[in-house]
Structures are given as C-alpha cells and as structure tokens.
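Note sheet for the following structure.
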Amino acid sequence: MALKKGIDVILLYRELAKQAEESAKVVTYQTEHTFGMSRNTDSTETKDGTAQTVGAIEYDFSSTALYDRESDTIKMLYDAFMANKEIEVWIIDKLKKDTEGGKFEAKYMHALISNYEETAAAEDNVEVSLEYAVQMVHQDGYATLTSEQVEQVQYAFEDTTPKTTGGGQ
83 MALKKGIDVI LLYRELAKQA EESAKVVTYQ TEHTFGMSRN TDSTETKDGT AQTVGAIEYD
143 FSSTALYDRE SDTIKMLYDA FMANKEIEVW IIDKLKKDTE GGKFEAKYMH ALISNYEETA
203 AAEDNVEVSL EYAVQMVHQD GYATLTSEQV EQVQYAFEDT TPKTTGGGQ
C-alpha cells in the first residue's frame, strides 16, 4: 500500500490576468495546506420520512509557508490580496503521473485570497498563512510540472573544482 505524503503535494500559483504571459509559480518552503470541501444539508420531515436537500460545495482551503524574503510568488500573492485580484491555484501530486507520464494529477481552481497573515514569533521563522475563497467548483485534471518548478528550492550539484563561466573548467 502506498500512502500519499504531504511532501509530494505542492501548490502552484499564477495571477489569472497573466495566464497568457507567465508560467505558474511555486511558493518555496511550503509547510502545509488544507483543502476541505463540504455541502450544507437541510432536512425536511415528510409523512414518508426525511427528505434531504444538499447545497453547493463550499471550500475550506488554506496554506502556510515560511517567508522567503526573495520570493516573487509571495509578493505576487500579497499584491493579489491587496488589489483583490483573482489567482489560479493548482494542487499537484508530484507522484501521480498520467498514463503517458508527461503530466501530473492536479486540482485547479480560481480563487481570491480572503485572508493574508504573517506570523513572526521572536525565535522562529516568519510564516505566511493564506486562506482562499474558491470561485465556483474546482476542476480535476492533469497539469504540466516542469523540473524547475519541482526543484525550485533545490540547488544543482557542483563539482569540487573552481566554477568558471563559459562552460570550460
């Protein structure tokens, strides 16, 4: 049995208005996210028993990351919150590839950031917590995940010899 691990599920973001201009971006140092869905129900007692009415899907979607001072993505998310701009969000499972192996299982949605919070305890790293107001209903599908997006936090292996520019050593 293969258990799904949180480290294999990442979030990518893009400002909706810029989808023709740029690729989705990763927030480095993501620590956790929560993606919950629920429906309100209303029951009516009838002579034959209870009749249930089920409402639309409502989301409980939030994320937390360590604040990377150099992150263009955190700045974009802050700016989107301040200007009330809609963003695109992908929840991508890095281990679930499609049958051709080129794309990864994903949930895709349009959202507004409904809460932006920076927590700065004296002895800890600053954390950025976001809550999202998902528009309509998310869509399931498969998304491209480039090696740069997967390994954004990782650095490349370097040899022990001096590094020179121009490709030679």
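First residue of the sequence shown: 83, per the numbering used here; consecutive thereafter.
Quick reminder that beta carbons are idealized off the backbone N, C-alpha and C, glycines included.
_Separation of Asp124 from Asp154, as counted between CA atoms_ = For the purposes of this step, residue 154 is taken as the residue at position 72 of the sequence shown. For the purposes of this step, residue 124 is taken as the residue at position 42 of the sequence shown. Each residue's Cα considered, the two are about 44 Å apart.
_Considering just the uninterrupted stretch of the alpha helix (DSSP H) at Tyr149, what are its terminal residues?_
Within the sequence shown, numbered from 1, the residue matching residue 149 stands at position 67. Per DSSP, Tyr149 belongs to no alpha helix (DSSP H) and is neither H nor E.
*CB contact flag (Glu200, Tyr149, <8 Å)*: Taking the sequence shown and counting its residues from 1, one reaches residue 200 at position 118. Taking the sequence shown and counting its residues from 1, one reaches residue 149 at position 67. Yes.
*6 Å CB neighbourhood of Leu122 in its chain, flanking five on each side removed*: Along the sequence shown, one-based indexing puts residue 122 at 40. The question names Leu, but residue 122 in the sequence shown is Asn. So the list reads Gly137, once near-sequence residues are dropped.
*Looking at the structure shown, is Gly183 part of a helix, part of a strand, or coil, going by DSSP?*
On the sequence shown, position 101 is the one that residue 183 refers to. Collapsing the DSSP output to three states places Gly183 in coil.
*Would you kindly work out how many angstroms separate the C-alpha atoms of Tyr198 and Lys178, rounded to a whole number?*
Translated into positions along the sequence shown, residue 198 becomes position 116. Translated into positions along the sequence shown, residue 178 becomes position 96. So the alpha carbons of these two residues sit roughly 30 Å apart.
*Identify every residue that forms a DSSP beta bridge with Leu212.*
What you label residue 212 is simply residue 130 of the sequence shown in a count that begins at 1. Looking at the DSSP assignment, Leu212 forms a beta bridge with Ser145, Tyr198.
*Should the region 171-187 be regarded as contacting the region 200-209, the criterion being three or more beta carbon pairs within less than 8 Å?*
Contact between the region 171-187 and the region 200-209 is absent: fewer than 3 CB-CB pairs across the two stretches fall below 8 Å.
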